[in-house]
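These notes concern the structure reproduced below.
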Amino acid sequence: MNLDNNTILITGGTSGFGLELTKRFIALGNQVIITGRNQAKLDEVKKQIPQVHTIKNDVGNAASIIELYEKVTTQFPKLNFLINNAGEMRKMSLHDTSIGLDDINREIAINLSGPIRMVQQFLPHLKKQLNPAILNVSSGIAYVPSPYSPIYSASKAGLHFYTVSLRVQLQKTKIKVFELVAPAASTPLNDQFVNVDGFNPKLLATPEKIIDATIKGLKKDSYEIAPGFGRILRIMSRLAPKLILKEMSKVGANIYSQP
Ligand SMILES: NC(=O)c1ccc[n+]([C@@H]2O[C@H](COP(=O)([O-])OP(=O)(O)OC[C@H]3O[C@@H](n4cnc5c(N)ncnc54)[C@H](OP(=O)(O)O)[C@@H]3O)[C@@H](O)[C@H]2O)c1
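Quick note: the sequence shown uses this note's numbering, first residue 16, plus one each step.
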């Protein structure tokens with residue numbers, strides 16, 4: 016796809032992949048709008064990158080998505096590229112009885128229901144644009160679960176399947192549907208894992224490297240972009256699923272393995 020002169024909405028643009036995408040797209044001559052729940056983080060990005068437009072918004076909530084749609088399509092009627100990037104990942108023992116039923120599925124609300132609702136809300140608008148596209152940020156963990164983040168893994172597996180179906184359903188439209196099968200990277204999302212038993216921080220890629228590959232993939236219309244370890248997890252899930260699950264299960268096993 017063309018990577019200049021787009022109007023791009025990136026959910027979760029205040030750190031990690033979202034922030035890196037923002038920098039690249041602005042440098043390439045696009046108009047970029049980012050969201051996030053934390054106003055201070057949005058203000059900080061605006062200070063660093065004055066061209067960016069920021070909107071405080073929670074993608075985990077349906078009413079908030081409708082509000083976002085109204086604001087964005089009024090202020091930026093040429094919006095043609097939706098990037099569903101916002102995400103949360105918690106380490107979690109399913110033996111922990113302090114996690115309430117309202118909270119247990121938080122990653123599903125943000126990482127899976129969020130993109131599904133965003134697409135549903137923005138689709139009629141995107142259909143009318145030139146060079147329309149959607150990029151959903153899934154994960155290598157969509158292919159092999161990370162048992163210490165069980166709800167996150169379920170959300171990303173769901174997002175992968177949803178994205179495949181979306182691409183098929185939109186094949187007679189102009190909308191290009193991309194998926195970034197991202198590997199583990201050194202972003203704030205992984206800060207909580209640094210001292211977890213079995214987690215190897217040396218395996219973390221830099222967000223810059225992942226977004227380099229993403230930009231190349233978008234340019235080439237490569238619909239499933241799977242850089243580095245994301246690709247390895249995808250291959251291993253087919254070639255040696257038990258072996259790779261055993262490896263992934265080592266992270267935090269001393270905490271979640273209980274009789
Ligand atoms: N880093 C990795 O290892 C890795 C690997 C594979 C896939 N991914 C995926 O990549 C995406 C970006 O993650 P990252 O690593 O860049 O993490 P990050 O640095 O923690 O960034 C997450 C961004 O999402 C925003 N966000 C979180 N919940 C939100 C919500 N409910 N509504 C709106 N914005 C929200 C955060 O801002 P606020 O907290 O202020 O809302 C922040 O801007 C996520 O979907 C993640 O699952 C990451």
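Just so it is clear, CB atoms sit at the ideal spot from N, CA and C, and this is done for glycine as well.
Beta carbon of N21: closer than 7 Å to some heavy atom of ligand 1? no
Could you tell me whether any non-hydrogen atom of ligand 1 is closer than 7 Å to the CB of E194? no
What residue does the beta strand (DSSP E) around K62 start on, and which one ends it? It is not in any beta strand (DSSP E) - K62 instead sits in the alpha helix (DSSP H) that spans Q54 to Q63.
If I follow the unbroken alpha helix (DSSP H) through G51, where does it start and stop? Note, G51: premise wrong, no alpha helix (DSSP H); beta strand (DSSP E) at Q46 to G51.
Along the chain, where does the alpha helix (DSSP H) that runs through E223 open and close? Here the alpha helix (DSSP H) through E223 covers P222 to K234.
Using CA coordinates, which residue listed in E103, D117, D236 and L83 is at the minimum distance from L18? D236
Kindly indicate which three-state DSSP category V152 falls into: helix, strand or coil? strand
Below 8 Å between beta carbons: does that hold for G28 and I41? Between G28 and I41, the C-beta spacing is not below 8 Å.
On a CA-only basis, which of E239, G232 and V211 is nearest M263? Give me that one, please. V211
Could you work out which residue in Q66, R39 and I80 is closest to G51 when comparing CA atoms only? For the residues Q66, R39 and I80, the minimum Cα distance to G51 belongs to I80.
Kindly examine ligand 1 and report whether one of its heavy atoms sits closer than 7 Å to the Cβ of D73. yes
Taking the alpha-carbon of A169 as reference, which of T178, A157, V179 and Y177 has the nearest alpha-carbon? Out of T178, A157, V179 and Y177, A157 has the C-alpha closest to the C-alpha of A169.
Buried versus exposed, by CB contacts within 10 Å (16 or more), G31: That one is buried.
Could I get the ranges of all uninterrupted beta strand (DSSP E) runs contained in the stretch 59-131, with 3 residues as the minimum, in chain order? 68-71 and 96-99
Give me the residue from L150, T37 and Y167 with the minimum Cα distance to L181. L150
Burial state of I98, where buried means 16 or more other Cβ atoms lie within 10 Å: buried
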